[in-house]
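A.B. asks: Quick one: this structure, given as structure tokens, is what I'll be asking you about.
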Amino acid sequence: MVDIFDDSAENAEKDRAAAAESRRQTAVALKKFGIDESAIPKVVAAGYGKLAEEIVRLAFENGVKVREDKDLAQILAAIELDSEIPSEALVAIAEILSYVYKVNSAYQPVKEDNEG
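Sequential numbering from 18 applies to the sequence shown in the working numbering.
Here it is in structure tokens:
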């Protein structure tokens, strides 16, 4: 008796699961327009999978702070582009902005000593 083990179906299932996970990757870009403290951020970009990767890549390239929060990203991705954030999500946005402000205030650029 010969036993043949074919794991191609298992590998195909893993590939499908990885592809589904890639499609679920979500990225959302927010922008606050105006200097008014009461200005509410708007969703200026949102995407899944490869588009999400591109949004994140562009953010890093342009020095935009990035925070990972899958649940919040899913909520914000459902908002129409160029729309203000709904009041239900403002508390979470406030937490993110607080984080960004802390990071910005803690950042101390390294001064180069050119007096060599």
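We put the beta carbon where it would ideally sit given N, CA and C, even for glycine. All figures in this text were calculated on a predicted structure; none of them were measured in a lab.
Determine the direct distance from the alpha carbon of Ile110 to that of Ala69, and round the result to whole angstroms.
C.D. replies: Residue mapping note: residue 69 aligns to position 52 of the sequence shown, counting from 1. Residue mapping note: residue 110 aligns to position 93 of the sequence shown, counting from 1. Answer to the nearest angstrom: the Cα atoms are 19 Å apart.
A.B. asks: Tell me whether Ser122 sits in a helix, a strand or coil according to DSSP, three-state version.
C.D. replies: Within the sequence shown, numbered from 1, the residue matching residue 122 stands at position 105. Here Ser122 sits in helix by DSSP.
A.B. asks: Just confirm the distance between the C-beta atoms of Arg84 and Tyr116, as a whole number of angstroms; I'd bet it's less than 8 Å.
C.D. replies: Position 67 of the sequence shown, counting from 1, holds the residue named residue 84. Position 99 of the sequence shown, counting from 1, holds the residue named residue 116. Going by Cβ atoms, the distance from Arg84 to Tyr116 rounds to 6 Å, so yes, they are a contact pair.
A.B. asks: Return the bridge partner residues of Glu101 from the DSSP annotation.
C.D. replies: By one-based count along the sequence shown, residue 101 stands at place 84. Bridge partners of Glu101: Lys59.
A.B. asks: Considering Ala95, what are the terminal residues of the alpha helix (DSSP H) in which it resides?
C.D. replies: For the purposes of this step, residue 95 is identified with residue 78 of the sequence shown, where counting begins at 1. Counting along the chain, Ala95 falls outside any alpha helix (DSSP H), and DSSP gives it neither H nor E.
A.B. asks: Is it the case that the Cβ atoms of Ser100 and Val60 are separated by a distance below 8 Å?
C.D. replies: For the purposes of this step, residue 100 is taken as the residue at position 83 of the sequence shown. For the purposes of this step, residue 60 is taken as the residue at position 43 of the sequence shown. A contact, by the Cβ cut-off of 8 Å.
A.B. asks: When the Cα atoms are used, what is the spatial distance from Ala94 to Phe50?
C.D. replies: Taking the sequence shown and counting its residues from 1, the one referred to as residue 94 is at position 77. Taking the sequence shown and counting its residues from 1, the one referred to as residue 50 is at position 33. So the two alpha carbons sit approximately 19 Å from each other.
A.B. asks: Kindly indicate which three-state DSSP category Lys87 falls into: helix, strand or coil?
C.D. replies: Indexing the sequence shown from 1 puts residue 87 at position 70. DSSP places Lys87 in helix when its eight states are reduced to three.
A.B. asks: Looking only at C-alpha atoms, which of Arg33, Glu30, Val45 sits nearest to Asp86?
C.D. replies: Along the sequence shown, read from residue 1 onward, the residue named residue 86 stands at position 69. When only C-alpha atoms are compared, the closest one is Val45.
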